[in-house]
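In this note's numbering, the protein residues as written are 6 to 186.
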């Protein structure tokens with residue numbers, strides 16, 4: 006049986022877990038016994054482009070997308086501080102007219118918006134200042150992308166081509182690659 010990782014609800018320690026939401030888990034560090042629950046994530050759509058979400062809703066597949074985001078993208082955990090910093094930064098940069106949202110989104114779940122830089126600048130994620138040049142594209146990098154390409158930060162900056170193929174992370178070849186240590 007493949008074990009997954011789960012955080013203790015009391016101390017936050019990372020524990021091995023069978024993946025069953027009905028079996029109790031005992032923390033080997035603090036002794037807390039708890040039954041894992043699906044993480045309540047009111048902001049599950051934090052990184053999802055509104056048009057992408059609307060397309061899934063129109064197709065009757067919004068629950069599939071939400072499940073994919075919770076368990077493939079977010080890995081059952083809340084958004085990281087760097088993910089939240091990215092969301093705040095693109096909001097700030099767009100409000101300052103430094104970037105603009107394109108009428109397209111990334112082709113893989115959670116379908117984040119793609120932004121085009123209107124002038125040179127930098128995006129600040131924690132202590133990290135990542136420069137960009139005028140005309141470059143910027144998109145949020147999901148944990149799977151970060152694992153695959155050994156990235157420390159949740160942002161890709163470059164020249165991207167629009168893709169018309171939309172797919173959930175679980176539908177991709179080697180979708181679980183890099184998830185577990």
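Cβ atoms here follow ideal geometry from the backbone N, Cα and C, with glycine treated the same way.
Alpha-carbon to alpha-carbon, residue j and residue i
i           : j           : result
residue 14  : residue 128 : 33 angstroms
residue 98  : residue 24  : 39 angstroms
residue 36  : residue 65  : 42 angstroms
residue 20  : residue 38  : 12 angstroms
residue 96  : residue 146 : 16 angstroms
residue 150 : residue 28  : 31 angstroms
residue 18  : residue 82  : 13 angstroms
residue 161 : residue 22  : 32 angstroms
residue 119 : residue 58  : 14 angstroms
residue 138 : residue 12  : 39 angstroms
Local Cβ density within 10 Å of residue i, reported as buried at 16 or more and exposed below that
i           : result
residue 136 : exposed
residue 109 : buried
residue 122 : buried
residue 85  : exposed
residue 48  : exposed
residue 16  : exposed
residue 40  : exposed
residue 63  : exposed
residue 68  : exposed
Candidates the options, of which the one nearest residue i by Cα
i           : options           : result
residue 93  : 39, 52, 147, 36   : 52
residue 79  : 155, 10, 161, 56  : 10
residue 89  : 134, 130, 57      : 130
residue 116 : 18, 42, 73        : 73
residue 60  : 160, 120, 114     : 114
residue 156 : 133, 138, 139     : 133
residue 165 : 107, 124, 152     : 107
residue 76  : 148, 111, 54, 124 : 148
8 angstroms contact criterion, which residue i and residue j should meet: CB distance rounded
i           : j           : result
residue 141 : residue 126 : About 10 angstroms separates the two Cβ atoms, so there is no contact after all.
residue 87  : residue 159 : 5 angstroms
* Asked: Using 8 angstroms as the Cβ pair cut-off and three pairs as the minimum, do the stretch 94-114 and the stretch 30-41 touch?
  -> Under the Cβ criterion (8 angstroms, minimum of three pairs), the stretch 94-114 does not count as touching the stretch 30-41.
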